[in-house]
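Numbering (the working numbering), first residue to last: -17 to 52.
We treat Cβ as the ideally placed atom computed from N, Cα and C, and that holds for glycine.
For clarity, every value in this text was computed on a predicted model and none was experimentally measured.
Data first, discussion second: the structure below is written as structure tokens.
Take a look at the structure:
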């Protein structure tokens, strides 16, 4: 869930894949309020649910990408 903008889906997918989280499917929605609601079906590389450490790393990377920090 984030403010919708061009390239947002790419930011989400970059943060997930860079942290070893495979994306099996996605549902991408742009709401009238200007909010993007994207839902992903994911697994850890090799199968299984992503570990908490992977989620935390992906979240940290995503927050950096959303803020424009390098």
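Note down, in chain order, each residue of its chain lying with its Cβ closer than 7 angstroms to the Cβ of residue i, except the 5 sequence neighbours on either side.
i          : result
residue -9 : 10, 20
residue -4 : 47
residue 43 : -3, 0, 1
Is residue i helix, strand or coil when you go by DSSP?
i           : result
residue 27  : coil
residue 12  : strand
residue -14 : coil
Could you check where the alpha helix (DSSP H) with residue i kicks off and where it finishes?
i          : result
residue -7 : -10 to 0
residue 44 : 34 to 49
Would you mind working out which of the options sits nearest residue i, comparing C-alpha positions?
i          : options         : result
residue 12 : -17, 25, 37     : -17
residue 7  : 39, 45, -6, 17  : -6
residue 27 : -12, 5, 39, -15 : 5
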